[in-house]
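Comments concern the structure below.
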Amino acid sequence: MSVTFQPALYYTVTARDNNEACSNSGQVFTVPEFYSNAGTNCFVQCGVCRQHMEILTATLLDPQPEVS
Ligand SMILES: [Zn+2]
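Numbered according to this note's numbering, the sequence shown spans residues 1 to 68.
This is the structure we're talking about:
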């Protein structure tokens, strides 16, 4: 299953590190305000191994956070 993003919106995203060599392996992380940019190439990068995590869920924030 793949997650699709609309462009230029904020989502709450959960992502899992699938890199078995990483200390975060198998752990699920939540990004409370993930910005989708163009709606493509939306990645969550592991802070340890720098690999892209598998995005599990993306929930559109409602309301969207205010951007100054
Ligand atoms: Zn990692």
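Glycine included, C-beta positions come from ideal geometry on N, C-alpha and C.
Pull up the DSSP beta-bridge partners for residue i, would you.
{"i": "V31", "result": "V13"}
{"i": "L60", "result": "Y11"}
{"i": "E54", "result": "R16"}
Can you tell me which of the options puts its alpha carbon nearest to the alpha carbon of residue i?
{"i": "A21", "options": "Q51, P7, F34, A38", "result": "Q51"}
{"i": "A15", "options": "E66, L61, L56, D62", "result": "L56"}
{"i": "T30", "options": "S2, F43, V67, N37", "result": "F43"}
{"i": "V67", "options": "N41, Y10, V3, T4", "result": "Y10"}
Would you grab the beta carbon distance between residue i and residue j for me? Rounded to a whole angstrom, and I think it's under 8 angstroms.
{"i": "P7", "j": "G39", "result": "3 angstroms"}
{"i": "E33", "j": "L61", "result": "7 angstroms"}
{"i": "E54", "j": "N18", "result": "5 angstroms"}
**Study point:** Residues passing the C-beta test against ligand 1 heavy atoms, cut-off 5 angstroms
**Key:** D17, N19, C22, N24, C46, V48, C49
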